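Asks:
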Amino acid sequence: MNDIEGFDVRVTAASFYNNIYGENNKLNRQLFDVNKQISSGLKIQYSHENPGIFIDTLRLDNEIATLNQTKSSAQNAYKLSTQTDTAVGEIVKTLESMKVKMINAANDSQSDASLQAIAKELRGIQNHLKSLANTSINGQYIFSGTSTGTKPIDASGNYQGNDKDIYAFLGSGIQQKYNITGAQLFLGQESNVQRTITSNVGQLSVKDLYPDIMQDPSIPRSLGKEVYISGANTMRDLMGDNDTSPTNDTAKTAFFYLQGTRSDGTSFKSKIAMNMTDTVDDLMNKIALAYDINQLNPSANNVRVTMNPHGQIEIIDSQRGSSKLDFHMVGAIDFDPAGGDTADVTDIDSLKIGTTDFLTAAITAPGLFLKEFIKSGNNYATGNAIAGGGLPAGGVVINGQDIGAVAVLAGDSDYALLDAINAKSKFTGVIATHDLAGQIVLNSNTGQDIVVSGTDNGVISGLSNNTYNLGSLQYDRILFKSDGPKLVSNVAQIVKSDNSYATQSTLLTAVGSGVSLNGSVIKLQGNDVNGKAFDLEINLLTAGSTVTINNAQGVAAGTFNLEDASGNATAADSVTYRQLMDVLNMATTNKLPVALSSLTYTQAINDANALGSVNIDQTGHIAFFDKFRPTTSASIAMYDNTSNMYTAAANVVSTGSAMIFNANNALTIGDPNNDFFTQIENMIKSVEQGKKRPNGIDSLDPRNIGVQNSIHMLDLLTEHVSRKQTEAGSYSQVLDLTVSRSDLLIVNTKTLRSDVIDTDIAEATLKMQQLSLNYQALLSNISKVSKLSLVNYL
601 MNDIEGFDVR
611 VTAASFYNNI
621 YGENNKLNRQ
631 LFDVNKQISS
641 GLKIQYSHEN
651 PGIFIDTLRL
661 DNEIATLNQT
671 KSSAQNAYKL
681 STQTDTAVGE
691 IVKTLESMKV
701 KMINAANDSQ
711 SDASLQAIAK
721 ELRGIQNHLK
731 SLANTSINGQ
741 YIFSGTSTGT
751 KPIDASGNYQ
761 GNDKDIYAFL
771 GSGIQQKYNI
781 TGAQLFLGQE
791 SNVQRTITSN
801 VGQLSVKDLY
811 PDIMQDPSIP
821 RSLGKEVYIS
831 GANTMRDLMG
841 DNDTSPTNDT
851 AKTAFFYLQG
861 TRSDGTSFKS
871 KIAMNMTDTV
881 DDLMNKIALA
891 YDINQLNPSA
901 NNVRVTMNPH
911 GQIEIIDSQR
921 GSSKLDFHMV
931 GAIDFDPAGG
941 DTADVTDIDS
951 LKIGTTDFLT
961 AAITAPGLFL
971 KEFIKSGNNY
981 ATGNAIAGGG
991 LPAGGVVING
1001 QDIGAVAVLA
1011 GDSDYALLDA
1021 INAKSKFTGV
1031 IATHDLAGQI
1041 VLNSNTGQDI
1051 VVSGTDNGVI
1061 SGLSNNTYNL
1071 GSLQYDRILF
1081 KSDGPKLVSN
1091 VAQIVKSDNS
1101 YATQSTLLTA
1111 VGSGVSLNGS
1121 VIKLQGNDVN
1131 GKAFDLEINL
1141 LTAGSTVTIN
1151 NAQGVAAGTF
1161 NLEDASGNAT
1171 AADSVTYRQL
1181 MDVLNMATTN
1191 KLPVALSSLT
1201 YTQAINDANA
1211 LGSVNIDQTG
1221 HIAFFDKFRP
1231 TTSASIAMYD
1241 NTSNMYTAAA
1251 NVVSTGSAMI
1261 FNANNALTIG
1271 DPNNDFFTQI
1281 ENMIKSVEQG
1291 KKRPNGIDSL
1301 DPRNIGVQNS
1311 IHMLDLLTEH
1321 VSRKQTEAGS
1331 YSQVLDLTVS
1341 RSDLLIVNTK
1351 TLRSDVIDTD
1361 IAEATLKMQQ
1371 LSLNYQALLS
1381 NISKVSKLSL
1391 VNYL
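Shown next as structure tokens:
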């Protein structure tokens, strides 16, 4: 019995000592952990200590880093955005200041000296606007898009940056735009603006100008007065009459040759016939009807056509956000219809025999009278082939410049004279080309009237001192504007689907009238860089487009394919502007392919690019640049080969030109698309030239819109810039809120992280005290147990 009891005691003691040892280690470990938490301030230091806390801490650390990055990105973006807001706001204030000065300039009481003083102030404002446009922060230009190292506006007001937006990182998958590009600010468009265009020749009542002819012979002509035509006036008032009776004009018909482009980009033409008793409002209504694509049941609601108080036709597009609306018109009436009505033609070139001088057509030599509505300074005179052996020195003098002796070889026709005229173009300001009838056409580069004189000029029909300025007859068959080494078109190429500007990769069919260009022929005429004439036809065909080279007599002398990248003839609706411009550059530099091979075609393009370049600018205008001459000798006319034809019956609307590149068209006084510095320049010029309103009769800049229209355009420009300021302000607000939100989230996330990983010192201290008491109790127990002896049980 005693042996068994002794065994139990020994087992119990061993087990107790093992427990004591385990508890001691456990308490020591817990005390160590708590002490480490207190000293480090962290619940764990290694992932194995608590994987859950470690994972949560990593997640929260990542969120804090992301929030800090977001905050930093938003702060940097906010600086640029607020600077953009400030700069755009300053531009708005400057434009408002400019408007005040423009209104002062519109005051009829201003003298020429006062206008010039105002113009100088406006030039200062223009320079300030350019300075604002070139605002930079730390060497980075704020209006250059992503090309922040590029100065956005050059000395000429051209935009040099790109149209790419800059974004700030505001979190996973979240970006915020914070810049306004110069393309948006200076070249952007407004979808709520209606395009408005105007003619530039004010129409006067002929009846009031010549009362002795149209009212009563007893009324002296000196009592005649200038009264602008209104909608209530009749065709007799507008076109004139050769007698005093308003009731005997049933045999007379006034014809108006109309061409234009609708809001959807489709072109049209119409020969409008009007009775002498019809009103101007009747004419305006017929013009409006032509702008409806549904000619089976046309409505006049697509545009609003009116005669403004200054006798000029204004057309407002009913569709907002379209920049395609266009207009051209010329009127004709025959005051001697006995031999047939010469005003009723199918080829508008047939009207060249007419005159714009009413007294000549109605009284002196009764015949064809022409009424001009739009003049662009593209004056010209026509002439036939030189007779005999040519001309002596002094035979033809243009604008005071002797063309010199011109020898004519057999079969050379008048090309020797054409070349001789072009050789002196830099002195005369005149370039000679041929029209579709094979006649010489003298084109003024300066917009000044062309004066032809000389001892033998009479051998060339039409080249004389009294050559009539009939540039108003032409719609799109006019030369590109010459500007030093450049030749620039004046019709922006607008994509029909979205009203954007065409680029070199844009298909012609995306801009052209109708759904397909198959069968269309684009005529290229002019002089190359050496002053030699060229005559090409681009035949757009679905089976493969070709280019025909005509010789000096206008006869086809060769054909080559309009090739694509693979060397194949390109289908009509696949031709791009780049391909068109390549052909134009080859013609203008006289580097046309000499054989039908892809290698030759490519080589011709490369050779042409070495001498000149043809590109389409940011506002959709095609421009040629002569790389070797400060003033190019080249000239370019590019147009639809049916532009001059009116084959449909009177008052029937038919399809117009398939493509329009350059035109004697209506002036733009309001448009969804903006060209900021070009518009500002034209506004200032209107003040410098003292033009209150458009005046096509003035040979100096006949296409200037005048001060009054400039004020309207300035209002549209200011509204556009103000919207961009609002946009920039919204970006700043978003970024400012993002910074505040990031600060708050960072604090909250750090608090949450602290709850997860940081040691609660009070709790840890209490726990350490508790563990210390437990440890002391354990030590006390160990001490008592160690004093026990087996002797006590004996």
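Heads up, the sequence shown is in the working numbering, so the first residue is 601 and it goes up one at a time.
Heads up, the beta-carbon is just placed ideally off N, CA and C, and yes, glycines get one too.
Note that the structure is predicted; figures quoted are calculated from it, not measured.
1. For the beta strand (DSSP E) that V1088 lies in, which residues bound it at each end?
2. Check K720 in the structure and name its three-state DSSP category.
3. Where do the ends of the alpha helix (DSSP H) carrying I887 lie?
4. Return the chain-ordered ranges of every alpha helix (DSSP H) run that is complete within the stretch 839-878 and spans a minimum of 4 residues.
5. Determine the burial state of A932: buried for a count of at least 16 other Cβ atoms within 10 Å of its Cβ, exposed for fewer.
6. CB-CB under 7 angstroms to I1280, same chain, minus the five flanking residues each way: which ones, in chain order?
7. Exposed or buried, which one is S756 when buried takes at least 16 other CB atoms within 10 Å?
8. With DSSP run on the structure shown, which of helix, strand or coil describes D926?
9. Check this for me: beta carbons of Y1201 and T1106, under 8 angstroms apart or not?
10. So, under 8 angstroms CB-CB, M1181 and A1208 are touching, yes? Tell me the CB distance rounded to an integer number of Å.
11. Please tell me whether H1412 and G824 are closer than 8 angstroms, where the distance is taken between their beta carbons.
12. Taking 8 angstroms as the threshold (C-beta atoms), are P1085 and P909 in contact?
13. Report buried or exposed for F969, applying the criterion of at least 16 other Cβ atoms within 10 angstroms of its Cβ.
14. To the nearest angstrom, how far is the alpha carbon of N1022 from that of A1234?
15. Would you decide whether S791 is buried or exposed? Buried here means 16 or more other CB atoms lie within 10 Å of its CB.
16. Alpha carbon to alpha carbon, how far is T877 from D849?
17. Roughly how many angstroms separate the alpha carbons of A965 and I1297, rounded to a whole number?
18. With DSSP collapsed to three states, give me the class of Q1376.
19. Just the Cα atoms here: how many angstroms apart are D1275 and D765?
20. Touch check for the stretch 1329-1348 and the stretch 1301-1309: three-plus C-beta pairs under 8 angstroms?
21. Could you check what DSSP says for S615 in three-state terms: helix, strand or coil?
22. Taking a contact to mean a Cβ-Cβ separation below 8 angstroms, would you say A873 touches T853 in this structure?
23. Would you decide whether H1312 is buried or exposed? Buried here means 16 or more other CB atoms lie within 10 Å of its CB.
24. So, under 8 angstroms CB-CB, L680 and I737 are touching, yes? Tell me the CB distance rounded to an integer number of Å.
25. Verify whether the separation of the beta carbon atoms of T1188 and V1129 is less than 8 angstroms.
26. Measure the C-alpha to C-alpha separation of L785 and Y1331 and round it to an integer number of angstroms.
27. Between the alpha carbons of F1261 and V1183, how many angstroms are there, rounded?
28. Spatial neighbours of F1277 within its chain, please: C-beta separation below 6 angstroms, excluding the five flanking residues on both sides.
29. What are the partner residues of Y767, as DSSP defines its beta bridges?
30. Quick check on the burial criterion: 16 or more other C-beta atoms within 10 angstroms. Buried or exposed for E914?
31. Do the stretch 956-963 and the stretch 803-820 touch if we need at least three Cβ pairs shorter than 8 angstroms?
32. So I1094 packs on G1220, CB below 8 angstroms; how close in whole Å?
33. In its own chain, which residues sit with a C-beta less than 6 angstroms from the C-beta of T942, not counting the 5 before and 5 after it?
34. Check whether the Cβ atoms of N1273 and S923 sit closer than 8 angstroms, and answer yes or no.
35. Whose C-beta lies closer than 6 angstroms to the C-beta of A1248 among residues of the same chain, with five residues either side of it excluded?
36. Rounding to the nearest angstrom, what Cα-Cα distance links N779 and E972 in this structure?
Replies: Result, derived from the coordinates:
1. Segment 1086-1088, the beta strand (DSSP E) holding V1088.
2. In this structure, K720 counts as helix in the three-state DSSP scheme.
3. In the DSSP assignment, I887 falls within the alpha helix (DSSP H) that extends over 880-890.
4. Runs found: none.
5. By the 10 Å Cβ count, A932 comes out buried.
6. Q726, L729, listed in sequence order.
7. Under this definition S756 is an exposed residue.
8. Here D926 sits in strand by DSSP.
9. Not in contact: Y1201 and T1106 (Cβ atoms no closer than 8 angstroms).
10. With 8 angstroms as the limit, M1181 and A1208 do not qualify as a contact, their Cβ atoms being about 10 angstroms apart.
11. This structure does not reach residue 1412, given that the chain is present from 601 up to 1394, and the question cannot be answered.
12. No, the Cβ-Cβ distance between P909 and P1085 is not below 8 angstroms.
13. F969 counts as buried, since no fewer than 16 other beta carbons sit within 10 angstroms of its beta carbon.
14. Straight through space, the alpha carbons of A1234 and N1022 are spaced by roughly 9 angstroms.
15. Label assigned to S791: exposed.
16. Looking at the backbone, the Cα of T877 and that of D849 are separated by about 8 angstroms.
17. A965 and I1297 have their C-alpha atoms roughly 23 angstroms apart.
18. Residue state, collapsed to three classes: helix.
19. Straight-line Cα distance between these residues: approximately 19 angstroms.
20. Between the stretch 1329-1348 and the stretch 1301-1309, the count of Cβ pairs shorter than 8 angstroms is below three; the stretches do not touch.
21. Residue state for S615 is assigned as helix, using DSSP reduced to three classes.
22. Inclusion of A873 and T853 in the CB contact set at 8 angstroms is warranted, their separation being smaller than that value.
23. Exposed, since its Cβ has fewer than 16 Cβ neighbours within 10 Å.
24. Confirmed, Cβ separation roughly 6 angstroms.
25. With a cutoff of 8 angstroms on beta-carbon distance, T1188 and V1129 are scored as near each other.
26. For L785 and Y1331, the distance between alpha carbons rounds to 15 angstroms.
27. Distance between F1261 and V1183, taken at the CA atoms: about 15 angstroms.
28. Result list for F1277: G757, in chain order.
29. The partner list for Y767 (beta bridge, DSSP) reads K777.
30. Buried, by the Cβ-count rule.
31. These segments touch.
32. So it is a contact: roughly 6 angstroms between Cβ atoms.
33. D934, L968.
34. With respect to S923, N1273 sits close: the two C-beta atoms are nearer than 8 angstroms.
35. Same-chain partners within the cutoff: S1254.
36. Their backbone Cα atoms lie some 47 angstroms apart in a straight line.
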